[in-house]
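Below: one structure, written as structure tokens.
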Amino acid sequence: MILSFKQKLNLSKPSIIEEGRRQKAEGRRKEIEEGRRQKERKGLEGRKFF
């Protein structure tokens, strides 16, 4: 994993704000992935009927 200079600074002294932002980003990513999975599931279920 390649880290930018800013990310390295945050690793050396993590700030509460950055930590919160990172968690929000991870949460969004998980929601998007879950949404994709649900769409795939619906797609597979739809194919079964036809």
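Number 20 in my numbering belongs to position 20 of the sequence shown; there are no gaps in the numbering. For every residue, glycine included, the Cβ atom is placed at its ideal position computed from N, Cα and C.
The C-alpha of glutamate 31 lies about 10 Å from the C-alpha of glutamine 38. Residue Gln7 holds the alpha-carbon nearest to the alpha-carbon of arginine 22 among Gln7, Gly35, Glu33, Glu34. Here the alpha carbons of alanine 25 and arginine 36 stand approximately 17 Å from one another. Going by C-alpha positions, leucine 44 is about 43 Å away from serine 15.
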